[in-house]
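A.B. asks: Below is one structure. I have some questions about it.
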Amino acid sequence: MYGCAILSTLGAWVLGLVLDANIGFSPLGFLELRILLPVLAMGLNLLYRINRNR
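By our numbering, the letter at position 44 of the sequence shown is numbered 1233, and the numbering carries on one by one without gaps.
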């Protein structure tokens, strides 16, 4: 459980970091995908685990 959550969060962070670096947007870093994607990944993982335990 924890391994999947950690790996998906780290993967989402790396993906967000790459996308933030390669998508031109003004002001620089305004999209904040390196923060948004890991939060979404962790939230979806938690919701999946809670729903699976019911």
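We put the beta carbon where it would ideally sit given N, CA and C, even for glycine.
(1) Give the secondary structure of I1239 by DSSP, where H, G and I count as helix, E and B as strand, and everything else as coil.
(2) Does DSSP put G1200 in a helix, a strand or coil?
(3) Mind checking L1222: buried by the 16 CB within 10 Å criterion, or exposed?
(4) Please report how far the alpha carbon of R1243 lies from the alpha carbon of Y1237, in whole angstroms.
(5) So, using beta-carbon positions, are F1244 and L1220 closer together than 8 Å?
C.D. replies: In terms of the structure at hand:
(1) Looking at I1239 - three-state DSSP - the assignment turns out to be helix.
(2) In the three-state reduction of the DSSP assignment, G1200 falls in the helix class, which pools H, G and I.
(3) When all chains shown are included, L1222 counts as buried.
(4) About 10 Å.
(5) Not covered by the structure: residue 1244. The range shown for the chain is 1190 to 1243.
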